Amino acid sequence: MNTTLLKFLDLFRGIYTRLGADYEQLRAIVDIKLMMDNRRQGVSYRRKTDKEPGNAFIMTLVVYSIFGIFVALALYMIPSFILSMIVFFSYIIVMISMTLITDFSSILLDTSDNTIILPRPVNGQTLFAARLTHILLYLGQLAIGLSLLPALVVIIKYGIVLFIFFLLAIVLSVLTAVFLTNAFYLLVMQFASEEKLKNIINYFQIIMAISIMGGYQILPRVMERMDIEQYIFEVQWWHFLLPPVWMAGAMESIHFHLFDVAHIGLAVCALVLPVTGAYLVNKYLSPVFSKKLGSMGASTEQVQKVKTEKESLVDKISTWITSNPFEQGAFDVIYKILGRDRKLKLKIYPAFGYILVFGLIFMMQGKKDFADTWHNLPNTEYHIVLIYLTFMVLQVALHEIPYSDDFKASWVYFSTPLDKPGEILSGTLKAIFVRLFIPAYVGISIIILAIWGIRAAEDIVFGIFNNFLMLLTLSLINKRHLPFSMAPNVRSQSGNIARAFITFFLIGLLGFAHYLLSKQPMIQWAVMPVQIGLIFLLLRSYKRTRWGQLTL
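Under this note's numbering, the first residue of the sequence shown carries the number 7, and numbering increases by one thereafter.
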């Protein structure tokens, strides 16, 4: 793949030479950058082996091509021409923008080139041309992966003439995405330090993961409920603020020979604004971006002063719910890591969004209009489903907490005079519950009380005990690992299916029992002391875990 790209690059040797770049040096730099792309693991594709990835970017393109299948089907099946085009160009602009912000951010924000290459006999024009070429090749491959199958649909359905304009619109969409991404970075850099910028990008990665999964699950169901056969698009003033509508309007103008004021306006926006944006990026934004990037690379993070404030609420909670220093220490450490470790957040935090996604899916099962379904919600028992969907966060966290890239630091567990490692395990469990589950459960509870009213209060209280019971039971069933003590590549797949079956059976059983008891609120309150007793017994058993019971 890289060889083909470099041979393609050789066709432009003369242009680079005229621009003042040393082509042989530029080619070598681009070759290394492309090689590093294939070794860099993106959000879309994460390997679980310990081998160094050699084709990660190619696999990312394959994944994006699979996404392209669904968009190609939308282009083929949606009767409304402009609606199908809006869907496609929204997909292109959003995916390229999000990919540049997430997967490619490590390249855009990398200042190591200045440190490694510039001290050598490489001039500034060569380095700038190499970086620009690398970005263009990256975007070109990405655009091909995203639009290959939709482009085939356009050829088959609309012919070769429209296909040519379709390709031009894709290029303009990519330019728009680059402009929006550059503007986003500059805006954030005005107000954020390097560390805060990385945190913002991390949350964008989480949003991207939720959006991809949510869009895949929800959009087909929404389109089923829409009467797209009778859909009529009317241009409104605010459509001129949406780049996908510019492209779709221009394509409709060409395809149906519509040259009214609205369509001409959209076509002008589609052609002029992306080119203007590209000019602004090259002339003004890129130099400012490079300057900001250089200052970020040169700056050092000041060590924050240790605050001697009064005991925080979290410290008080850890004192209340833990019984000894080892358990409290585990609680404090895990609680803080869950809020600071970006890689861990990227694995766990999407589950918060999945709760709402699956909640919407469950409510959209019937053929009723969504407004009717929403109006009828207070008369249903769907709130019980929401209560147990929250367990998804605990399940994901419990699965991810034993693994870390810094697993070698786990030697500290074995250097302590600890008789029973179960105290660390129980502290970890409580930290997961308090840090991840409680905030999500409070949010879901507010939604439930707003829709179902005070009658759902006993279900909320009953549900929190049931969720903690399920967490304890799952922890006792699973293999027991110390937190962050395992390398990510040693995840065992054996027995996972059986444990998953037991987990789903347990959730279903407790959820069904909850549903039956919800018919008798007084019995529900009477059962709660039994739940508390079971929690006490199971937690005591888990806390007594011996070294021999651990999987090391």
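Beta carbons are placed, not taken as given, at the ideal position from N, Cα and C, and that holds for glycine.
Predicted model, so just to flag it, every value in this text is computed and none were measured.
The bridge partners DSSP lists for tyrosine 409 are Met492. Boundaries of the alpha helix (DSSP H) around lysine 13: 8 to 16.
Around alanine 284, the same chain offers Leu181 as residues with beta carbons nearer than 6 Å, after the five sequence neighbours per side are excluded. DSSP, reduced to helix, strand and coil, places arginine 486 within a strand of the structure shown.
Around tyrosine 22, the same chain offers Tyr29, Leu32 and Ala135 as residues with beta carbons nearer than 7 Å, after the five sequence neighbours per side are excluded. For leucine 556, DSSP records a beta bridge to Arg486. Judged by beta-carbon spacing, proline 356 lies beyond the 9 Å limit of isoleucine 224, meaning their Cβ atoms are not closer than that value. Relative to glycine 146, the option among Pro127, Pro125 and Leu173 whose CA is nearest is Leu173. Taking C-alpha positions only, alanine 80 is separated from serine 96 by approximately 12 Å. In the three-state DSSP reduction, tyrosine 355 falls in the coil class, being neither helix nor strand. A residue is called buried once 16 or more other Cβ atoms fall within 10 Å of its Cβ, and isoleucine 170, having fewer, is exposed. Counted as a single uninterrupted DSSP element, the alpha helix (DSSP H) harbouring isoleucine 260 occupies residues 249 to 262. Of the residues assessed, proline 427 falls on the buried side of the cut-off, its CB having 16 or more other CB atoms within 10 angstroms. Take threonine 551, set aside five residues on each side of it, and the residues of its chain with a beta-carbon closer than 7 Å to its own are Lys426, Pro427, Gly428, Leu431 and Arg486, in chain order. Residue environment: methionine 528 is assigned as exposed (fewer than 16 neighbouring CB atoms within 10 Å of its CB, all protein chains considered). Phenylalanine 87 and valine 241 have their C-alpha atoms some 14 Å from each other. For asparagine 385, no alpha helix (DSSP H) encloses it, and the DSSP letter there is neither H nor E.
Separation of the CB atoms of leucine 89 and phenylalanine 185 is rounded to 25 Å, and the pair is thereby denied contact status at 8 Å. When secondary structure is reduced to three states using DSSP, proline 85 falls in the coil class, being assigned neither helix nor strand. Judged by their CB atoms, methionine 534 and phenylalanine 471 are nearer to each other than the 9 Å cut-off. The way I'd put it, the segment 435 to 449 doesn't touch the segment 379 to 389; fewer than three beta-carbon pairs between them come closer than 8 Å. By the neighbour-count criterion, in which 16 or more other beta carbons inside 10 Å mark a residue as buried, glutamate 387 falls on the exposed side. In this structure, the beta-carbon distance from leucine 455 to alanine 463 falls below 9 Å. The beta carbon of leucine 15 is closer than 8 Å to those of Arg33, Val36, Thr139 and Leu143 in its chain, skipping five residues each way along the sequence. Isoleucine 84 and asparagine 8 have their C-alpha atoms some 37 Å from each other. For the pair phenylalanine 542 and glycine 433, the CB atoms are not nearer than the 9 Å cut-off. Taking a C-beta distance under 9 Å as the contact criterion, alanine 415 and phenylalanine 490 qualify as a contact pair. Counting C-beta atoms within 10 angstroms of its own C-beta, histidine 263 has fewer than 16 neighbours from the protein chains shown and is therefore classed as exposed.
Annotated three-state conformation of arginine 126 is coil, per DSSP. Each residue's CA atom was taken as its position, placing aspartate 411 and phenylalanine 210 some 22 Å apart. Between the beta-carbon of threonine 396 and that of asparagine 473 there is about 7 Å, and that keeps the pair under the 8 Å contact cut. Valine 418 counts as exposed, since fewer than 16 other beta carbons sit within 10 angstroms of its beta carbon. Residues of the same chain with a CB within less than 7 Å of the CB of leucine 512, apart from the 5 flanking positions on each side, are Met476 and Thr479 in chain order. In its own chain, leaving out the 5 sequence neighbours on each side, no residue places its CB closer than 6 Å to the CB of serine 118. In the three-state DSSP reduction, asparagine 330 falls in the coil class, being neither helix nor strand. Taking C-beta separations shorter than 6 Å and ignoring five residues to either side along the sequence, the partners of isoleucine 216 in its chain run Pro356 and Gly359, following chain order.
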